[in-house]
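Protein chains: 10
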Amino acid sequence: MPDATVFEVFPTPSDSPFVIEHIAEEFTSMCPITGHPDFGVVTLRYEPHAAKDGGKCIELKSLKLYYHSFRNEGAFFEAVTNIIRDDLVKVINPNWLQIETNWKGRGGIRSVVRVDFGDVPKHFLGR
Amino acid sequence: MPDATVFEVFPTPSDSPFVIEHIAEEFTSMCPITGHPDFGVVTLRYEPHAAKDGGKCIELKSLKLYYHSFRNEGAFFEAVTNIIRDDLVKVINPNWLQIETNWKGRGGIRSVVRVDFGDVPKHFLGR
Amino acid sequence: MPDATVFEVFPTPSDSPFVIEHIAEEFTSMCPITGHPDFGVVTLRYEPHAAKDGGKCIELKSLKLYYHSFRNEGAFFEAVTNIIRDDLVKVINPNWLQIETNWKGRGGIRSVVRVDFGDVPKHFLGR
Amino acid sequence: MPDATVFEVFPTPSDSPFVIEHIAEEFTSMCPITGHPDFGVVTLRYEPHAAKDGGKCIELKSLKLYYHSFRNEGAFFEAVTNIIRDDLVKVINPNWLQIETNWKGRGGIRSVVRVDFGDVPKHFLGR
Amino acid sequence: MPDATVFEVFPTPSDSPFVIEHIAEEFTSMCPITGHPDFGVVTLRYEPHAAKDGGKCIELKSLKLYYHSFRNEGAFFEAVTNIIRDDLVKVINPNWLQIETNWKGRGGIRSVVRVDFGDVPKHFLGR
Amino acid sequence: MPDATVFEVFPTPSDSPFVIEHIAEEFTSMCPITGHPDFGVVTLRYEPHAAKDGGKCIELKSLKLYYHSFRNEGAFFEAVTNIIRDDLVKVINPNWLQIETNWKGRGGIRSVVRVDFGDVPKHFLGR
Amino acid sequence: MPDATVFEVFPTPSDSPFVIEHIAEEFTSMCPITGHPDFGVVTLRYEPHAAKDGGKCIELKSLKLYYHSFRNEGAFFEAVTNIIRDDLVKVINPNWLQIETNWKGRGGIRSVVRVDFGDVPKHFLGR
Amino acid sequence: MPDATVFEVFPTPSDSPFVIEHIAEEFTSMCPITGHPDFGVVTLRYEPHAAKDGGKCIELKSLKLYYHSFRNEGAFFEAVTNIIRDDLVKVINPNWLQIETNWKGRGGIRSVVRVDFGDVPKHFLGR
Amino acid sequence: MPDATVFEVFPTPSDSPFVIEHIAEEFTSMCPITGHPDFGVVTLRYEPHAAKDGGKCIELKSLKLYYHSFRNEGAFFEAVTNIIRDDLVKVINPNWLQIETNWKGRGGIRSVVRVDFGDVPKHFLGR
Amino acid sequence: MPDATVFEVFPTPSDSPFVIEHIAEEFTSMCPITGHPDFGVVTLRYEPHAAKDGGKCIELKSLKLYYHSFRNEGAFFEAVTNIIRDDLVKVINPNWLQIETNWKGRGGIRSVVRVDFGDVPKHFLGR
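Protein chains in written order, with the working numbering: chain F, 1 to 127; chain B, 128 to 254; chain P, 255 to 381; chain L, 382 to 508; chain A, 509 to 635; chain Y, 636 to 762; chain R, 763 to 889; chain C, 890 to 1016; chain H, 1017 to 1143; chain G, 1144 to 1270.
Spelled out as structure tokens, the structure:
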């Protein structure tokens, strides 16, 4: 199972809200039906609360280890994307958080799934 | 005729709305007048209802088979695009659904057709 | 003179409005002053009225022939773009129509001209 | 000094507002401090007034000659961009006009300066 | 420590607000934990106040020297980005200022951090 | 079966040898085992004999029709490529002829097959 | 351990030598020291013997399964590349065979390894 | 008919052989059968004789006018390419000359034709 | 000074010669005259001797640390490239080794330096 | 007149021959007939003699100043390229030297001129 216990966080360095984006280009999991490997790019975007309000950032190496824990898991594209959002929201409790997964083609069709928590910050609309 | 009986669906994995995109890069149909083959990319984007409201997702392999059923059909670009939208809306009844077909050039002109069902989610405007 | 008599139209296949885009990458006309050839890309985007309201689509081959009729015509970039818009609006009477011409460089300057008829559909703003 | 006397104009060919863009990819001026050459791309975008209101377009060759007159002038990036806007606004008095200069790198930093006259037309927001 | 004393400024050349962007493609600092070098692109975008209100621009060479002063500093991506914003806001006091840092990959994940001071000018939304 | 009777030829226009390349970007056939469609790009390169020696060129429209005859044929990548070479060599009897097929991915693997008849002309080595 | 028993072969369809290339863009193995995943592209190029001499081709699905068997194996880039060559040479005994592995970056360095069996065919030199 | 009388030449500026390449990206002629316009890129490469041996270069503007004279001519791709070579060889009598025409697609097939006069200089082989 | 003592090596895994390429995209050193930072890409290509002849490979992490030791060194492009070649030849004594350094622009000029030890393997000529 | 007195040289740092490439992307001169500016990229490639034989390298800043001296000079593309070669050969007397100038388009035709002194080193053929 994806292992959310590996996450580490640190306090945001600012009292202003800002946006952080981590793009993991080497994600892999398994198709739950055929057992064949899936490959994709997972993009995390989020806006932590202000430092004075206890805003937290995700530590980068722990994020990488969390993603590795999907390597031999079977899950649909739509489920993987929702699980990552839910696990991250629990540990950093952000103003806004978005997961976009971009999967390599299967049978000539490639897929993108995008889930949000909270409203896209005004500065980011249309990007 | 395009064969909408091949569609299979599964329940959405989340109570939050989110956006799914399937990009089929190997679509082909026939020109109804000349009988020459047309080639294009068909992009499906949709937002299912929440799981608690019976939201449904389209199963990927059944989508592929549905697209294959256009292989020897003659239809105009504009009609193909509207047929796909109508067939998909019937089986998954989404919040929003969009079909964009992007056709290779004919006589030096290439074409794009875009049809929507429902309103583009606020997060997706301008994309 | 550009020959608008070649246009053919057909009824839109849907009662919902939708957007059609035709990108002609091999357009050529003449500079009215020097007589030198100009080369450009002409993009037509439009939204027909609903089928129940008599909405019409432009037939693709007739569009190509219309563009060919500029081959030995002398006209400024700004004029060519406005003429195409006016001729097309007359034959298909759309909700919205846009012509964008994108000209290869002359003396190190390349040019783009964009004219609209009606309001850009909400779905298309920012694209 | 940049030579605004070279400008020539002609009447806009339409009673509808529309947008014209001229992209000059071979602009060069001098750094006022070191005397070293600067190279950049200068993009002019504008919307003339309607023909019935005396709207004017800039003639392309005269624009090229105006840009050439900066060749041996020393001026900062920010000043060049504002001078071009001011000179053009005087001769064509448009609804809207924008100059964007895009400079090649100096010491590992490349720069873009964008100045506007009037409001960006609704159709162009987000582009 | 990053050295904000190197900054030099000059008066904005215009009474109209406008946007300046400096893209530094060769930024490097150190990871505070491992001591390994980080490489990134730092983009500064800002809108100075009008000249009549004492608006100021940052001198380009001093900006380069300021960035160099991070070369042997250890700091997290999020902190580097906030420090640069705070230092620049102090010296030029702009209408709006944005720093976007775009970091090369570490362990298969690349990161982008974006911080703002003030509201994005209406002309820039969605870019 | 692929239909070689559609080929038409015309005499080469020169007494000097030269090289002709036709790149068909919209080729499709079927997998002989699964019945799923395959999509690829087929490149033909050849050098006809001199006109005085009866050199022949392939007529472009007949080549297109020949390629269309594979649309509902089942054949492996390696076989398709060899069949096309053999059929073309029979009708134009060239100095040299090469077929390169470039297939879209299947299960994450994309394939290229290249077959030759005769020696690559000296001018083309390494290209 | 990589599982060479999954390979299946079929007879080459031609008495002429020709070149086949299979590009697997979703290969993954593990670093033998850190246990972290490695990602790469594996390209196989080979020329089978003529059909009359018993030339054999590799079946594409079996090649995919063979590559999957590296998923949880620890091996250096150089060793992976040599193992694949040796296993394939045993089952298809070709005229020539080449494996090129192209690995995503580690700590800012990306790597390519290329091993050959037999001489590059004259037609392929310099490619 | 293509008009070779427009050519102008000037003496090569060097006693050493060297290579000149002119890439005309806006060439157009007509299909001799359908009368439809063809568009392509015409690349001329040549090596003049040494100045002391009467080596000649082609004047650029006259080359442009010569290409314009094909605008309303009907000719096959293969013939156009050979005609240009023959006309140029007559006026500049070079050590080596090559014409490569690269045509936009027709019915999904795009074409390249390459003809040479003399041997490719050793420095240019494989380019 | 660049620190060649950090190098570690391991025995080549094959008795056949093969080619290894390591591309370091984040190299930085200092200009010996101005003290300004230089940024470049350093590509190492080499062919070790066969395993039976004591062939050695460079360990990747030690290569990274060696490159880091140039961070605060002042040296010309030409010298850096030759030093890296000489240091690597000493520790792995290969059949062939090549260093190519690709430097970001200075004053509008970017530079590439390429040094070899031994002859380029036949398989690699022209690449 | 181009000013070859600005050149400075330094001794090559190696007793082995190697190749140096300087790519100047911001070169400008004038058309000798119309007086209009020309823009191009000038690439210098050379192999100095060994250090023990007095091999010399060109100092980068002096090369830049030399190129600046063409800014207001009128000369044909072919002549500019030969002049640069002759001036550089005089000051560094290399084993091999090559100048390639790549000019922006004029009237839809862009040009490349390539001149050599001495033979291309074996390692560089076909690149």
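Note that CB positions come from ideal geometry on N, CA and C, so glycine has one too. Every value quoted in this text rests on a predicted model; they were computed, and no experiment measured them.
Proximity test, residue 1227/G beta-carbon vs the ligand ADP heavy atom, cut-off 7 Å | In the structure shown, the ligand ADP is absent, as is every other ligand, since no ligand is present at all.
Is residue 1062/H near residue 1108/H, with beta carbons less than 8 Å apart?
-> yes
Residue 824/R: which of 858/R, 767/R, 781/R sits nearest, CA to CA?
-> 767/R
If you measure from the beta carbon of residue 239/B to each beta carbon in chain P, is any gap under 8 Å?
-> yes
Closest residue to residue 529/A among 560/A, 516/A, 567/A (Cα-Cα distance) | 567/A
Residue 1184/G and residue 1245/G: beta carbons closer than 8 Å?
-> yes
Closer than 8 Å by C-beta to residue 914/C: which residues in its own chain qualify, once you throw out the five before and the five after it? Chain order, please.
-> 930
What residues are listed by DSSP as bridge partners for residue 665/Y?
-> 672/Y, 709/Y
Identity of the residues DSSP links to residue 737/Y by a beta bridge | 676/Y, 747/Y
Neighbourhood of residue 458/L by C-beta distance below 8 Å, restricted to the same chain and skipping five residues each side = 419, 421, 482, 484, 492, 494
Residue nearest to residue 1032/H in terms of C-alpha spacing, selected from 1046/H, 1018/H, 1023/H, 1067/H | 1067/H
Report the option in 156/B, 140/B, 195/B, 206/B whose CA atom is closest to the CA atom of residue 268/P.
-> 206/B
Within 10 angstroms of the Cβ of residue 753/Y, are there 16 or more other Cβ atoms? Answer buried if so, exposed if not.
-> exposed
So, does the CB of residue 548/A fall closer than 8 Å to a CB anywhere in chain R?
-> no
Look up residue 207/B in the DSSP assignment and say whether it is helix, strand or coil.
-> helix
Compute the distance between the beta-carbons of residue 468/L and residue 383/L, then report whether it is under 8 Å.
-> yes
Under 9 Å by beta carbon: chain A residues contacting residue 1044/H | 534, 536, 545, 547, 579
Residue-chain proximity (residue 1113/H, chain R), Cβ-Cβ < 8 Å = no
Could you tell me which residues DSSP pairs with residue 657/Y in its beta bridges?
-> 679/Y, 1000/C
Which one or two residues does DSSP pair with residue 859/R in a beta bridge?
-> 808/R, 879/R
Under 8 Å between C-beta atoms, does residue 104/F make it to chain Y?
-> yes
Establish whether the CB of residue 957/C and some CB of chain P are separated by less than 8 Å.
-> yes
So what does DSSP say about residue 769/R, is it helix, strand or coil?
-> coil
Kindly indicate the opening and closing residues of the alpha helix (DSSP H) around residue 569/A.
-> 568-576
Local Cβ density within 10 Å of residue 116/F, reported as buried at 16 or more and exposed below that | buried
Using DSSP bridges, identify the partner residues of residue 564/A.
-> 519/A
Please name the residue in 1172/G, 1178/G, 1241/G whose C-alpha comes closest to that of residue 1264/G.
-> 1241/G
Less than 8 Å between the CB atoms is what I'm expecting for residue 139/B and residue 201/B, so what's the real figure, rounded?
-> Contact doesn't hold; Cβ gap of about 35 Å is too wide.
Applying a beta-carbon distance threshold of less than 9 Å, which residues of chain A neighbour residue 489/L?
-> 532, 533, 534, 535, 572, 575
When you compare only the Cα positions, how much space is there between residue 94/F and residue 250/B?
-> 17 Å
Kindly indicate which residue of 336/P, 281/P, 297/P, 362/P has the alpha-carbon position closest to the one of residue 323/P.
-> 281/P
Neighbour list for residue 971/C in chain Y, Cβ cutoff strictly below 8 Å = 648, 649, 651, 653
Nearest-angstrom Cα separation, counted from residue 575/A out to residue 819/R = 57 Å
Residue 840/R CB to nearest chain H CB: under 8 Å?
-> yes
Check the C-beta distance from residue 961/C over to residue 919/C and give it rounded, since I have them as a contact under 8 Å.
-> 6 Å
Under 7 Å from the C-beta of residue 1136/H: neighbouring residues of chain G | 1266
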